[in-house]
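Okay, structure first, notes after.
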Amino acid sequence: MTITTRPGHVQYGELLLGPGTPYRWRKLTGWEELPGTDSGTVPRSGAHGAYPGALLAQARTITLDEMVIRAEPGRIGAAVATLNAATGLSDDELPLLIHLDDRGPLLAFARVVRREVPVDPAYGVGVATGSAIQFEASDPRRYTPAVQCAETGLPEPCLDWHRDNSGELTRGIPASTGNLTANNHGGAPTHPVITIRGPVDTPSVTNTTTGAVLEYGIRLDAVDELTIDTYASTVTLNGTENLLDAATGNSHPEESFTLTPGRNRLAFRSATAPDPHARLALQWRSAHW
Numbered sequence: 000m001t002i003t004t005r006p007g008h009v010q011y012g013e014l015l016l017g018p019g020t021p022y023r024w025r026k027l028t029g030w031e032e033l034p035g036t037d038s039g040t041v042p043r044s045g046a047h048g049a050y051p052g053a054l055l056a057q058a059r060t061i062t063l064d065e066m067v068i069r070a071e072p073g074r075i076g077a078a079v080a081t082l083n084a085a086t087g088l089s090d091d092e093l094p095l096l097i098h099l100d101d102r103g104p105l106l107a108f109a110r111v112v113r114r115e116v117p118v119d120p121a122y123g124v125g126v127a128t129g130s131a132i133q134f135e136a137s138d139p140r141r142y143t144p145a146v147q148c149a150e151t152g153l154p155e156p157c158l159d160w161h162r163d164n165s166g167e168l169t170r171g172i173p174a175s176t177g178n179l180t181a182n183n184h185g186g187a188p189t190h191p192v193i194t195i196r197g198p199v200d201t202p203s204v205t206n207t208t209t210g211a212v213l214e215y216g217i218r219l220d221a222v223d224e225l226t227i228d229t230y231a232s233t234v235t236l237n238g239t240e241n242l243l244d245a246a247t248g249n250s251h252p253e254e255s256f257t258l259t260p261g262r263n264r265l266a267f268r269s270a271t272a273p274d275p276h277a278r279l280a281l282q283w284r285s286a287h288w
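For what it's worth, numbering that gives the first Met the number 0 labels the leading residue of the sequence shown as 0, then goes sequentially.
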């Protein structure tokens, strides 16, 4: 549940920090900076310089520093206990929502890797200064919280010729073109989740903007649903069966199928005559470095 309401708020899971809470912070690092990178650049063997290689972002480390925990006398223990319960070690990443300024909040998924609550004489009167919380996000991108959605069916043939109101002979517009547009409003590529519902034979989706293709040599009946999580590189049938090995030779690796910054045009196709009941649904968040 999102409870951030104004700049300065940081929400980790259900814990809210910042204005109006016992937990104030003065310094944030690792959020507006670029994450570290692994570079594929290699030196030129017979000339000055190097051959530029791919830059792959590392995990992002985010630190709330110079924190002050303030509570009424006799209540500092409860405030610290609440903080400790929400920021313990865990194998699972939780939503980290940071509302920094007028741009609104951005979202990452992270785990706590360090927590400091110094204890000095001021602790006894309800103040703990110099506290810190450090998070690590395995996916270094920051996302717009709202999930965007788009849907299309398979392409249908044009309707028969007919005369319009002016008497001109025209062809009708098909109910579905099999194409859709997905806008990534950020500056980083983002991985969509794709859901395909049957009936459809050898379904494929192509990002015609990048040329990336996903195609699976299976037949989906009307009750079947194929879900492709391109970031996790998983392909599941009806939520349980792993169909990663159903990819055809035309298919790219799932993790390479992204929506680039800006407008992306996608096409949903089948190997046989299209069934009007088949659907492709796309979900994504705009991503930012």
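For every residue, glycine included, the Cβ atom is placed at its ideal position computed from N, Cα and C.
Tell me where the alpha helix (DSSP H) around N182 begins and ends. Looking up residue 182 in the sequence shown gives position 183. Careful: N182 lies outside any alpha helix (DSSP H), inside the beta strand (DSSP E) at N178 to N183.
Around the Cβ of H276, are there at least 16 other Cβ atoms within 10 angstroms (buried) or fewer (exposed)? Reading the sequence shown from its first residue, position 277 is the one you call residue 276. Looking at its Cβ environment, which holds fewer than 16 other Cβ atoms inside 10 Å, H276 is exposed.
Local conformation of P42 per DSSP, three classes: The residue given as residue 42 occupies position 43 in the sequence shown. In the structure shown, P42 sits in a strand (DSSP, three-state: E or B).
May I ask you to report which of helix, strand or coil DSSP gives N83? Taking the first residue of the sequence shown as position 1, residue 83 is located at position 84. The answer is helix: DSSP assigns N83 an H, G or I state.
Taking F267 as part of the beta strand (DSSP E), name the residues at either end of that continuous run. Looking up residue 267 in the sequence shown gives position 268. The continuous beta strand (DSSP E) containing F267 extends over residues G261 to R268.
For Q10, is the classification buried or exposed, using 16 other Cβ atoms within 10 angstroms of its Cβ as the cut-off for buried? Taking the sequence shown and counting its residues from 1, one reaches residue 10 at position 11. Flag for Q10 reads buried.
Count the other CB atoms within 10 Å of the CB of T229; is the residue buried (16 or more) or exposed (fewer)? Position 230 of the sequence shown, counting from 1, holds the residue named residue 229. Buried, by the Cβ-count rule.
Look at the Cβ atom of R196, then the Cβ atom of E224, and state whether they are nearer than 8 Å. Position 197 of the sequence shown, counted from the first residue, corresponds to residue 196. Position 225 of the sequence shown, counted from the first residue, corresponds to residue 224. For R196 and E224, yes; Cβs fall inside 8 Å.
Expressed to the nearest angstrom, what Euclidean distance is found between the alpha-carbon atoms of G210 and A187? For the purposes of this step, residue 210 is taken as residue 211 along the sequence shown, with counting starting at 1. For the purposes of this step, residue 187 is taken as residue 188 along the sequence shown, with counting starting at 1. Looking at the two C-alpha atoms, the distance is approximately 18 Å.
Around the C-beta of Y142, are 16 or more other C-beta atoms found within 10 angstroms, so that it is buried, or is it exposed? Here residue 142 refers to the residue found at position 143 when the sequence shown is read from its first residue. The residue in question, Y142, is buried, as its Cβ has 16 or more Cβ neighbours within 10 Å.
Spatial neighbours of S255 in its chain, beta-carbon cut-off 7 Å, leaving aside the 5 residues before and after: Within the sequence shown, numbered from 1, the residue matching residue 255 stands at position 256. Taken in chain order, the residues that qualify are A211.
Would the beta-carbon of L213 fall within 8 Å of that of V222? As a first step, residue 213 must be located in the sequence shown, where it is residue number 214. As a first step, residue 222 must be located in the sequence shown, where it is residue number 223. Cβ atoms of L213 and V222: not closer than 8 Å.
From E240 to T201, what does the alpha carbon distance come to, in whole angstroms? As a first step, residue 240 must be located in the sequence shown, where it is residue number 241. As a first step, residue 201 must be located in the sequence shown, where it is residue number 202. Their backbone Cα atoms lie some 17 Å apart in a straight line.
Whole angstroms are fine: how far does the CA of G76 sit from the CA of R23? The residue given as residue 23 occupies position 24 in the sequence shown. The residue given as residue 76 occupies position 77 in the sequence shown. C-alpha separation (whole angstroms): 16 Å.
Paired residues, beta bridge with H276 - DSSP: Counted from its first residue, the sequence shown places residue 276 at position 277. Answer is none; H276 lacks a bridge partner.
Using the C-alpha atoms, what's the distance from L95 back to G103? Residue mapping note: residue 103 aligns to position 104 of the sequence shown, counting from 1. Residue mapping note: residue 95 aligns to position 96 of the sequence shown, counting from 1. Roughly 14 Å separates the two Cα atoms.
Among G152, V67, L63 and D119, whose alpha-carbon lies nearest the alpha-carbon of V112? For the purposes of this step, residue 112 is taken as residue 113 along the sequence shown, with counting starting at 1. That would be L63, whose Cα lies nearest to the Cα of V112.
Any beta strand (DSSP E) of 3 or more consecutive residues that is wholly inside the region 181-208: Whole beta strand (DSSP E) segments, 3+ residues: 192-196 and 203-206.
What does a CB cutoff of less than 7 Å around L55 pick up in its chain, not counting 5 residues either side in sequence? Against the sequence shown, residue 55 aligns to sequence position 56. So the list reads T36 and D37, once near-sequence residues are dropped.
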